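Trainee:
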Amino acid sequence: MTEFNKTSPIFVTQPALPPLAEFVPLLEQIWKNRILTNGGPFHNQLEEALCAYLGVAHISLFTNATIGLITALQALQIKGEVITTPYSFVATAHSLLWNGIAPVFVDVEPTSLNLDPDRIEAAITERTTAIMPVHCYGHPCDVDRIDEIAEKHNLKVIYDAAHAFGVQCHCGSVLNHGDLSVLSFHATKVFNTFEGGAIICRDATMKQHIDSLKNFGFADETTVIDAGINGKMSELNAAFGLLQLKRIDENLEKRRLIDRHYRSGLAGIKGIHCLATAGELVDNCAYFPILVRPEFRMSRDATFQLLRENGIYARRYFYPLISEFSMYQNIPSAARGNLPVAFDAAGQVICLPIYPELQSAQVDMVVDLIRG
Ligand code: T4K
């Protein structure tokens, strides 16, 4: 465990790292194999291990989740308009623009800050082909309602599951909902491979299609069947992922303890609201978002600044909303009046530091600053 030094900055997250000594034999193996990428042995082992760990049928590893999202839309040949949330990281909507698809923003619901199923149907037009919800902070969307709406209107569902590693809903892995789900294994995520991501799908034919799309569209050595991209995960990243997987349960448990510590420490502070956990369901405590409401003694930004001045680099995920960025702000659905809940949340949110090595004394320090 890293020594707690009162003067060292506390970031919103720090990647969990296995002991370096454990990585060395895997590197030696890569050097021996001389297979560095293009579906090597570690890549294939990680796909298999992740399917078993996550309880999903098929996984295709990617270089990152953004390329994964772009490819998922290609795999389903999505065109026209896609309904999505403004309350996410900008990669969600960018993946649509990269495919020439028009995003249609629908507001989130106030408890989970996930896409509000009650508002989806009103946004469907004859150009709508799909829904792209986000399991924001790893909290499962209302998957049953979304699946039902999609089926009724013959729409595809691509879940941006960048935050949802290991998350379970009422019927097992949340990643089994929708047509495709996309995970991120970026350094800042619960499970990381430095950079990385994956598409989860339910049948072998789709997996084969996605595998070809991430490899320039090759079907075999001499046949190109799609205008594919290079989205392949390297052996280095995959080998690292295999090591990470060995400690994932331990790391998730540490996150849960920190989550509980914050909740008890912040309980009863007027104007500080901790987002609800997934309750009975399995949460991954990927983030610890609080809403700084008007009743609090300081504004959200003053609170954020106070934390910064004390070396605590909390983040305002997700402020500004995606719909506020210049390439989106003129879309009719980006209007503030259409997204009141998302605008309120973006103006109030702070994600507090949470990562396995964060120490109790550091959590207390954050809580004490907020309590004042
Ligand atoms: N969809 C959603 C819903 C997402 O949240 C994301 C990514 C994506 C799609 C796309 O996934 P990828 O294509 O990235 O796989 C970070 C991450 O870069 C991004 O992956 C993540 N979401 C987003 C929410 O956060 P930044 O610009 O805020 O990260 P940065 O570099 O400021 O890092 C935050 C803190 O983490 C730093 O203050 C220190 C710490 N850190 C960061 C890195 C990179 C470390 O300690 N070590 C590190 O290596 O975007």
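Numbering (this note's numbering) for the sequence shown: 528 to 899. Ideal Cβ placement from N, Cα and C applies to all residues, glycine included. Just so it is clear, the structure is predicted and the values come from calculations on it, not from any experiment.
Would you call residue 761 buried or exposed, if buried means 16 or more other Cβ atoms sit within 10 Å of its Cβ?
Mentor: Buried, because 16 or more other Cβ atoms sit within 10 Å of the Cβ of residue 761.
Trainee: Kindly give me the distance between the Cβ atoms of residue 638 and residue 849, rounded to whole angstroms, as I take these residues to be in contact under 8 Å.
Mentor: Their Cβ separation, rounded to whole angstroms, is 20 Å, which puts residue 638 and residue 849 out of contact at 8 Å.
Trainee: As a quick exercise: from 841, 582, 887, pick the residue whose alpha carbon is nearest that of residue 784.
Mentor: When each option's Cα is compared against that of residue 784, the closest is 887.
Trainee: Assuming residue 723 contacts residue 764 under a Cβ cut-off of 8 Å, what Cβ separation, rounded to an integer in Å, is found between them?
Mentor: Right, the Cβ-Cβ distance comes to about 5 Å (below 8 Å), so this counts as a contact.
Trainee: Can you give me the start and stop residues for the beta strand (DSSP E) that residue 692 sits inside?
Mentor: Careful: residue 692 lies outside any beta strand (DSSP E) and carries neither H nor E.
Trainee: For residue 747, report the span of its beta strand (DSSP E) as first-last.
Mentor: First-last of the beta strand (DSSP E) with residue 747: 745–747.
Trainee: To the nearest angstrom, report how far apart residue 588 and residue 809 are at their CA atoms.
Mentor: Taking the straight line from one Cα to the other gives about 23 Å.
Trainee: Check this for me: beta carbons of residue 626 and residue 711, under 8 Å apart or not?
Mentor: No. Outside cutoff.
Trainee: Please classify residue 669: does DSSP put it in a helix, a strand, or coil?
Mentor: Note: residue 669 maps to coil in three-state DSSP.
Trainee: Suppose you measure from the CA of residue 791 to the CA of residue 659; what does that come to, to the nearest Å?
Mentor: Straight-line Cα distance between these residues: approximately 34 Å.
Trainee: Which residue comes first and which comes last in the beta strand (DSSP E) that contains residue 845?
Mentor: Counting along the chain, residue 845 falls outside any beta strand (DSSP E), and DSSP gives it neither H nor E.
Trainee: Helix or strand or just coil, what does DSSP make of residue 742?
Mentor: Note: residue 742 maps to strand in three-state DSSP.
Trainee: Per DSSP, which residues does residue 686 bridge with? Please list them.
Mentor: According to DSSP, residue 686 bridges with 708.
Trainee: According to DSSP, simplified to helix, strand and coil, what is residue 701?
Mentor: Looking at residue 701 - three-state DSSP - the assignment turns out to be helix.
Trainee: Tell me the DSSP bridge mates of residue 880?
Mentor: Answer by DSSP bridge pairing: none, since residue 880 is not bridged.
Trainee: Note down, in chain order, each residue of its chain lying with its Cβ closer than 6 Å to the Cβ of residue 629, except the 5 sequence neighbours on either side.
Mentor: Cβ neighbours of residue 629 beyond the five flanking positions: 608.
Trainee: Using 10 angstroms around the beta-carbon of residue 528, count the other beta-carbons present and answer buried if the total reaches 16, otherwise exposed.
Mentor: Residue placement at residue 528 is poorly supported in this model, since its pLDDT is 47, which falls under 50; the coordinates still yield a value, given next. Counting Cβ neighbours within 10 Å, residue 528 comes out exposed, since fewer than 16 surround it.
Trainee: Quick one: measure Cβ to Cβ for residue 685 and residue 598, integer angstroms, because I've assumed they're closer than 8 Å.
Mentor: Contact doesn't hold; Cβ gap of about 10 Å is too wide.
Trainee: Does the pairing of the region 729–746 with the region 539–550 give three or more beta-carbon distances under 8 Å?
Mentor: No: the two stretches stay apart, fewer than three of their Cβ pairs being nearer than 8 Å.
Trainee: Specify, as a first and last residue, the run of the alpha helix (DSSP H) that residue 809 falls within.
Mentor: First-last for residue 809: undefined, no H or E at that position.
Trainee: Assuming residue 798 and residue 782 are in contact, meaning their beta carbons sit under 8 Å apart, how far apart are those beta carbons, in whole angstroms?
Mentor: Not a contact, Cβ separation roughly 25 Å.
Trainee: What are the start and end residues of each continuous alpha helix (DSSP H) run of 4 or more residues lying completely inside the region 764–825, in chain order?
Mentor: Here the runs fully enclosed are 775–793.
Trainee: Should residue 560 go down as buried or exposed, given a rule of 16 or more other Cβ atoms within 10 Å for buried?
Mentor: Exposed: under 16 other Cβ atoms inside 10 Å.
Trainee: So, under 8 Å CB-CB, residue 874 and residue 824 are touching, yes? Tell me the CB distance rounded to an integer number of Å.
Mentor: About 17 Å; that fails the 8 Å criterion.
Trainee: Could you tell me which of 579, 624, 569, 536 sits nearest to residue 853, measuring between CA atoms?
Mentor: Residue 853 has its Cα closest to that of 624, out of 579, 624, 569, 536.
Trainee: Assign residue 883 to buried or exposed, taking buried as 16 or more other Cβ atoms, counted over all protein chains shown, within 10 Å of its Cβ.
Mentor: The residue is buried, with at least 16 neighbouring Cβ atoms inside 10 Å.
Trainee: Taking only heavy atoms of the ligand T4K into account, decide whether any of them is closer than 7 Å to the Cβ of residue 876.
Mentor: For the ligand T4K, not one heavy atom lies less than 7 Å from the Cβ of residue 876.
Trainee: State yes or no: is the C-beta of residue 883 nearer than 7 Å to some heavy atom of the ligand T4K?
Mentor: It does not: the Cβ of residue 883 is nowhere closer than 7 Å to a heavy atom of the ligand T4K.
Trainee: Cα separation between residue 755 and residue 739?
Mentor: Looking at the two C-alpha atoms, the distance is approximately 7 Å.
Trainee: In or out: residue 642 buried (at least 16 other Cβ within 10 Å) or exposed?
Mentor: Label assigned to residue 642: buried.
Trainee: Is residue 587 near the ligand T4K, in the sense that its beta carbon is under 7 Å from a heavy atom of that ligand?
Mentor: The answer is no for residue 587.
Trainee: Tell me, which residues are paired with residue 750 by DSSP?
Mentor: Paired residues: 747.
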